[in-house]
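In this note's numbering, the protein residues as written are 22 to 386.
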């Protein structure tokens with residue numbers, strides 16, 4: 022029996038609507054994009070179908086919310102040719118090369134080139150001018166020592182933030198402020214971020230690229246962005262520090278939430294990766310539609326996993342590129358199965374219905 026590549030998890034309301042109306046793109050009001058760096062290669066082929074075909078069939082407004090690589094992926098949707106933007110990002114990200122252990126400045130310069138390749142000559146203006154796609158880019162502004170230029174001071178601040186986070190996620194607010202950059206005059210009303218002293222800043226031609234770059238700026242790996250135009254002054258870091266996979270209980274509003282993700286569980290913030298009890302099944306959002314590779318499919322990939330940042334250090338350049346290319350090729354199966362699902366007679370075929378802590382498989386009709 023062939024291994025199923027795509028897992029589909031549905032909140033109760035999402036399951037009811039899909040059963041009644043089928044996979045209409047107009048049902049979706051919010052697209053989520055998680056942090057994860059090279060993990061996104063598991064989704065790049067699926068993104069081509071979702072962004073370049075499926076979501077283009079809607080005329081209704083769609084908001085996007087993303088941190089780090091999720092914000093970059095979502096930005097592709099706001100361009101005139103999302104599939105082409107995804108393809109450019111895939112190639113530029115996949116083939117990045119460092120002759121020796123790079124400094125944060127070197128990595129920042131390279132990631133800036135990837136971002137420019139992704140957007141192309143007119144992509145930034147297309148994102149800003151897109152009246153249907155309402156973009157939201159999440160960053161984390163360092164407070165106090167967490168905004169320091171000195172590596173030792175920053176290291177001490179990050180250690181203190183990790184310790185505080187282990188006691189309560191809310192301790193992070195002493196080290197980081199969430200700053201959300203958004204297109205349009207106002208952020209989406211259904212994103213009521215009331216924690217982490219959240220600030221909202223409109224996107225414009227002078228800050229969009231910097232906001233995207235900051236959203237993926239992992240401390241000690243990249244240099245980050247400082248004093249972004251029209252935003253609170255200070256040092257800006259990876260939005261995943263606060264919103265790694267996002268706290269789904271925060272969302273409100275009409276319509277379904279589409280979440281192409283790397284896995285079925287949710288880890289709210291980056292520091293929570295080291296706290297297994299903070300990860301949980303995505304069962305807290307009634308309108309959720311989560312798409313991810315199945316565990317059995319991932320086990321069949323080279324090295325039995327999807328790409329991650331450790332590949333830069335444990336593999337040579339050519340071996341890493343071959344491995345990533347193999348994963349991208351094999352993960353085309355997710356896109357194929359999604360296309361079969363939305364074209365099939367049963368909108369819930371093979372899906373997992375999320376019902377609080379318990380789950381059951383949706384049966385085919």
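Every residue, glycine too, gets a C-beta built ideally from N, C-alpha and C.
Who does residue i pair with in a DSSP beta bridge?
i, result
"residue 257", "162, 246"
"residue 203", "157, 223"
"residue 83", "154"
"residue 287", "301"
"residue 360", "None, per the DSSP bridge assignment."
"residue 88", "159"
"residue 198", "162"
"residue 240", "243"
Could you check if residue i is buried or exposed, using at least 16 other CB atoms within 10 Å of its CB as the buried criterion?
i, result
"residue 111", "buried"
"residue 343", "exposed"
"residue 61", "buried"
"residue 384", "With a pLDDT of 37 at residue 384, under the threshold of 50, the modelled position of that residue is not reliable, and no figure is offered here."
"residue 241", "exposed"
"residue 100", "buried"
"residue 382", "Because residue 382 carries a pLDDT of 42, less than 50, the predicted location of this residue cannot be relied on, and no value is offered for it."
"residue 94", "buried"
"residue 80", "exposed"
"residue 366", "exposed"
"residue 188", "exposed"
"residue 119", "exposed"
"residue 359", "buried"
"residue 23", "exposed"
"residue 252", "buried"
"residue 10", "Because the chain here runs from 22 to 386, residue 10 falls outside it and cannot be looked at."
"residue 376", "exposed"
"residue 171", "exposed"
"residue 190", "buried"
"residue 9", "Here the chain has residues from 22 to 386 only, and residue 9 is not among them."
"residue 266", "buried"
Please report the residue range of the beta strand (DSSP E) in which residue i lies.
i, result
"residue 376", "373-376"
"residue 281", "277-281"
"residue 49", "49-54"
"residue 310", "309-314"
Short check: CB of residue i to CB of residue j, under 8 Å?
i, j, result
"residue 162", "residue 202", "no"
"residue 157", "residue 193", "no"
"residue 26", "residue 368", "no"
"residue 90", "residue 58", "yes"
"residue 244", "residue 126", "yes"
"residue 230", "residue 145", "yes"
"residue 306", "residue 278", "yes"
"residue 374", "residue 36", "yes"
"residue 309", "residue 87", "no"
"residue 135", "residue 85", "no"
"residue 178", "residue 167", "yes"
"residue 259", "residue 237", "yes"
"residue 183", "residue 292", "yes"
"residue 281", "residue 322", "no"
"residue 271", "residue 214", "yes"
"residue 66", "residue 353", "yes"
"residue 63", "residue 327", "yes"
"residue 104", "residue 139", "no"
"residue 149", "residue 220", "no"
"residue 13", "residue 92", "Nothing can be reported for residue 13: it is not among the residues displayed for the chain, which extend from 22 to 386."
Cα-Cα, which of the options is closest to residue i?
i, options, result
"residue 51", "57, 255, 330, 211", "211"
"residue 96", "350, 286, 151", "151"
"residue 186", "340, 363, 66, 299", "299"
"residue 70", "376, 357, 133, 53", "357"
"residue 34", "360, 276, 354", "276"
"residue 289", "263, 134, 48", "263"
"residue 341", "117, 359, 85", "117"
"residue 319", "134, 332, 284", "284"
"residue 372", "278, 30, 24", "30"
"residue 200", "322, 228, 365, 32", "228"
"residue 47", "28, 74, 67, 65", "74"
"residue 274", "43, 83, 39, 28", "83"
"residue 115", "171, 122, 131, 292", "131"
"residue 109", "128, 120, 268, 68", "68"
"residue 98", "221, 286, 54, 191", "54"
"residue 56", "223, 206, 234, 191", "234"
"residue 141", "121, 102, 206, 265", "102"
"residue 355", "334, 205, 324, 316", "316"
Which residue comes first and which comes last in the alpha helix (DSSP H) that contains residue i?
i, result
"residue 134", "125-140"
"residue 233", "229-236"
"residue 114", "103-115"
"residue 30", "Careful: residue 30 lies outside any alpha helix (DSSP H), inside the beta strand (DSSP E) at 27-31."
"residue 352", "No alpha helix (DSSP H) holds residue 352; DSSP gives it neither H nor E."
"residue 181", "172-188"
"residue 336", "From DSSP, residue 336 is part of no alpha helix (DSSP H); its letter is neither H nor E."
"residue 67", "65-70"
Verify the CB distance criterion: does residue i have a CB-CB separation below 8 Å to chain C?
i, result
"residue 239", "Judged by its chain identifiers, the structure shown contains no chain C, having just a single protein chain."
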